[in-house]
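These notes are about the structure you will find just below.
Protein chains in written order, with this note's numbering: chain A, 1 to 263; chain B, 264 to 526.
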């Protein structure tokens, strides 16, 4: 497999300003990158006051404004994009991540583990943890709070992912270090694209903690954002460098003993 | 549930000096503690040159020297002990951990995930990940390299463990931080008792990295050894403080969606 140039875009969306949020985020995608990951709900902002408001801003991924813009950009710039959006499917609303390819094809992941008030805004994801071909390799998608359940990234790994794209709107402080463990235990790459800024549209003020990062199968931070600013991080990754032996007698995939694991 | 005073004993065993290794380790157990965790293979040392040597030093946990000493000490001091030993069962040899209660009863865990040359020395554990009543709560046992497989501590958590006792002879640098993630994702306590020192009995020199620690269900280091020295760390833990909600709408046990997880 060939090397892939990956970028994570750390943004500061303004709630409800979909068009400018999309413009700003796409303007930050580096010209030479193969795969760019944008934050969770990068187009709408995070703190919906209720389900009805989320429904108004949610889009059909087949022909919604954001999805169309992503497809045009992906084609024009020959880049794969992963981005979090509010997805409408009939009466249902999901916190989803879109994967858009330069050829116009796309895939969707619907967040399985909803965080806090997301449970009253969104429907829980119903499509499991699929993996998708992209950039000559296999990628998996998970969103924000999915990180705390080791089964999420493990399932993506077992299904063949070499790179996990992880749009996020992180509020808790733990994920930054935990992703080191996630990459070590699975021996694959992860790209966390987080947002910054605060929202205070309900009684609860939320501050998002930035700290986007790209982590290697050895648990090394290949690139990370140091501070609370918008920015782009990039790393060149080699999907062939995943799932390698940890010692001459240990491979973390073949060493698993699922007959002794509970689900 | 009542609070439990836990100790982890960081030792420097001399290879093959079983009697003095046991004496030294037990002498370090604090007088008032309820549960003391000793390192992996604390009585024999780690680097067996071959399976035959391990067989000579392995013991029957029912009536071997070390097991009898542990039972006498546990009864005399009214303490629960967890300690790693080489276990002989007929022709088989396991890298095991004993749990010994003050009443003389005992339990055993046989290491499921063997590291590097352990695979030519020991048989792989065949008893899964049982949990045991101890100190008025439920404890689980895992050994050293088991940490890198999230399924180990997850299985113990699903089976009811509030405290995971983790004897170790750690060589890789990753476990110290990874145990923060393990405790956060499971919302239970973990006690890692590691050893220090070096062994160079084969062509490979091994240096063990100390860093024993007791970590809370919030991922806090309640106690940790700072340096490469023998020592004891202690913490008072509350099994009733495990498995608590992470947010008003999130509990990591009930939020799991195993229908979407692969094993």
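Yeah, the Cβ is synthetic: ideal placement off N, Cα and C, and Gly gets one too.
All of these numbers come straight from a predicted model, not from anything done at the bench.
Span of the alpha helix (DSSP H), counted from its first residue to its last, around residue i
| i | result |
| --- | --- |
| residue 150(A) | 150 to 158 |
| residue 32(A) | That residue, residue 32(A), is in no alpha helix (DSSP H); it is neither H nor E in DSSP. |
| residue 72(A) | 65 to 77 |
| residue 444(B) | 438 to 449 |
| residue 199(A) | Note, residue 199(A): premise wrong, no alpha helix (DSSP H); beta strand (DSSP E) at 196 to 199. |
| residue 24(A) | 18 to 27 |
| residue 320(B) | 314 to 320 |
Nearest-angstrom beta carbon gap, residue j and residue i [assumed within contact, 8 Å]
| i | j | result |
| --- | --- | --- |
| residue 146(A) | residue 112(A) | 6 Å |
| residue 87(A) | residue 58(A) | 6 Å |
| residue 358(B) | residue 316(B) | Residue 358(B) to residue 316(B), Cβ: 14 Å. No contact. |
| residue 109(A) | residue 141(A) | 4 Å |
| residue 457(B) | residue 472(B) | 7 Å |
Rounded C-alpha distance that separates residue i from residue j
| i | j | result |
| --- | --- | --- |
| residue 453(B) | residue 393(B) | 16 Å |
| residue 139(A) | residue 99(A) | 10 Å |
| residue 188(A) | residue 306(B) | 37 Å |
| residue 519(B) | residue 106(A) | 28 Å |
| residue 498(B) | residue 83(A) | 44 Å |
| residue 335(B) | residue 365(B) | 8 Å |
| residue 287(B) | residue 278(B) | 13 Å |
| residue 387(B) | residue 36(A) | 43 Å |
| residue 232(B) | residue 433(B) | Only positions 264 to 526 of chain B appear in the structure, and residue 232(B) is not among them; the question remains open. |
| residue 166(A) | residue 501(B) | 35 Å |
| residue 214(A) | residue 183(A) | 10 Å |
| residue 159(A) | residue 465(B) | 39 Å |
| residue 491(B) | residue 461(B) | 11 Å |
| residue 180(A) | residue 292(B) | 34 Å |
| residue 331(B) | residue 338(B) | 11 Å |
| residue 204(A) | residue 118(A) | 13 Å |
| residue 55(A) | residue 508(B) | 28 Å |
| residue 151(A) | residue 262(A) | 11 Å |
| residue 174(A) | residue 326(B) | 45 Å |
| residue 77(A) | residue 163(A) | 21 Å |
| residue 161(A) | residue 133(A) | 9 Å |
| residue 22(A) | residue 431(B) | 50 Å |
| residue 275(B) | residue 289(B) | 13 Å |
| residue 222(A) | residue 489(B) | 28 Å |
| residue 297(B) | residue 114(A) | 39 Å |
| residue 512(B) | residue 506(B) | 14 Å |
| residue 269(B) | residue 20(A) | 55 Å |
| residue 324(B) | residue 348(B) | 9 Å |
| residue 483(B) | residue 389(B) | 33 Å |
| residue 439(B) | residue 91(A) | 46 Å |
| residue 420(B) | residue 301(B) | 21 Å |
| residue 521(B) | residue 258(A) | 14 Å |
| residue 517(B) | residue 254(A) | 29 Å |
Distance CB(residue i)-CB(residue j) smaller than 8 Å
| i | j | result |
| --- | --- | --- |
| residue 479(B) | residue 271(B) | no |
| residue 260(A) | residue 391(B) | yes |
| residue 267(B) | residue 455(B) | no |
| residue 435(B) | residue 309(B) | no |
| residue 218(A) | residue 411(B) | no |
| residue 406(B) | residue 441(B) | no |
| residue 314(B) | residue 356(B) | yes |
| residue 10(A) | residue 230(A) | yes |
| residue 200(A) | residue 135(A) | no |
| residue 265(B) | residue 116(A) | no |
| residue 311(B) | residue 384(B) | yes |
| residue 233(A) | residue 241(A) | no |
Unbroken beta strand (DSSP E) run spanning residue i, endpoints
| i | result |
| --- | --- |
| residue 428(B) | 426 to 430 |
| residue 455(B) | 452 to 456 |
| residue 223(A) | 221 to 224 |
| residue 268(B) | 267 to 273 |
| residue 41(A) | Neither: residue 41(A) is in no beta strand (DSSP E) and is coded neither H nor E. |
| residue 470(B) | 469 to 472 |
Near the ligand ZN: residue i beta-carbon under 7 Å from a heavy atom
| i | result |
| --- | --- |
| residue 371(B) | The ligand ZN is not part of this structure, which contains no ligands at all. |
Residue ranges of each beta strand (DSSP E) within the segment 89 to 150 of chain A, 3 or longer: 92 to 100, 106 to 110, 131 to 134 and 137 to 141
Segments of 3+ residues assigned as beta strand (DSSP E) that fall wholly inside the segment 490 to 522 of chain B: 494 to 500
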